[in-house]
Amino acid sequence: MTVAFFSGSRRRAAVALGAASAGLLVLTACEKPTPIATVTVGTESVNSEAACYNNGDPIKESDIQKCLNKTAEKSITVAMDDKVRFGVDPEIADNGWTIFLGGQQAEPEPYKKTYRTIPASAFFTAGQTGETPDETQVTIVENTGKSLTGIWHFKLKKES
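Following the working numbering, the residues of the sequence shown are numbered contiguously, the last one being 345.
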C-alpha cells in the first residue's frame with residue numbers, strides 16, 4: 186500500500202490554513218462585547234457590561250422599561266460619607282450618559298465625560314417614613330438626548 190505524504194513545509198502550510206479557517210469561524214460566532222461601566226468606592230470597584238445594548242443603536246421603545254426594571258447583578262458597599270466614582274468607556278461618554286435611581290431619571294442632561302464623582306449620601310435620601318433605605322439601584326443610561334442606547338445597573342448597599 187502506498188501512502189502519499191505531504192512534505193514538511195506543505196504539511197505546516199495546510200495546518201496553518203486549517204487553524205486560520207477555524208479561527209475565523211470562531212470569531213464570526215462571537216458577539217462584540219458591550220462597553221463597560223465601572224463604579225468605585227474607596228479601593229473597591231465593580232464593573233459590568235450592559236444589561237441592554239443594541240450595538241450603539243437606539244434600544245427599542247418597547248424594551249426600555251423592561252431594561253430599566255432589571256435587577257442589578259453587581260453591587261458595592263458604601264458608607265454615607267464615601268464618594269461614589271462612576272466611570273464609562275469613551276464611546277458611552279461620546280453619546281452622553283445619565284444616572285437613573287430606581288428606574289427614574291435623576292438628572293436632566295446627559296453627561297459627556299468618562300468619569301465623575303458623587304457623594305454616597307445623594308443616593309440614600311429618606312423616604313416618606315423618614316428612614317433611609319439600606320440599598321439603592323443606580324442605573325447608568327447611555328443617552329444621546331433623543332434615544333437610549335445602553336443600560337448598566339449597579340446596587341449600592343449602605344454600610345451597617
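Don't be surprised by glycine CBs; every beta carbon is placed ideally from N, CA and C.
Practice prompt. Identify which residue in Thr310, Asp279, Ser345 has its Cα closest to the Cα of Gly287.
Written response: Position 102 of the sequence shown holds residue 287. Closest by alpha carbon: Thr310.
Fill in: 7 Å Cβ shell around Cys252 - same chain, five flanking residues per side excluded
Locating residue 252 in the sequence shown gives position 67, counting from the first residue. Here the set comprises Ala236, Cys237, Ile244, Ile336.
Worksheet item: Which ranges does the alpha helix (DSSP H) cover as unbroken runs of at least 4 residues, wholly within the stretch 227-273, from first to last along the chain?
Response: 246-253
Practice prompt. Kindly indicate which three-state DSSP category Ala291 falls into: helix, strand or coil?
Written response: By one-based count along the sequence shown, residue 291 stands at place 106. It is coil, neither helix nor strand.
Worksheet item: Which same chain residues, not among the five before or five after Lys298, have their C-beta less than 7 Å away from its C-beta?
Response: In the sequence shown, counting from the first residue as 1, residue 298 sits at position 113. Closer than 7 Å at Cβ, skipping near neighbours: Ala278.
Item to complete: Look up Glu356 in the DSSP assignment and say whether it is helix, strand or coil.
Response: Nothing about residue 356 can be reported from this structure: the residues present for the chain run from 186 to 345 only.
Worksheet item: Since Ala222 and Val273 are thought to touch, with beta carbons under 8 Å apart, how far apart are those beta carbons, to the nearest angstrom?
Response: Counting from 1 along the sequence shown, the entry for residue 222 is found at position 37. Counting from 1 along the sequence shown, the entry for residue 273 is found at position 88. Indeed they touch by this definition, with Cβ atoms about 5 Å apart.
Discussion item. With H, G and I counted as helix, E and B as strand and the rest as coil, what does DSSP make of Phe309?
Written reply: Here residue 309 corresponds to residue number 124 of the sequence shown, with the count starting at 1. The answer is coil: DSSP assigns Phe309 none of H, G, I, E or B.
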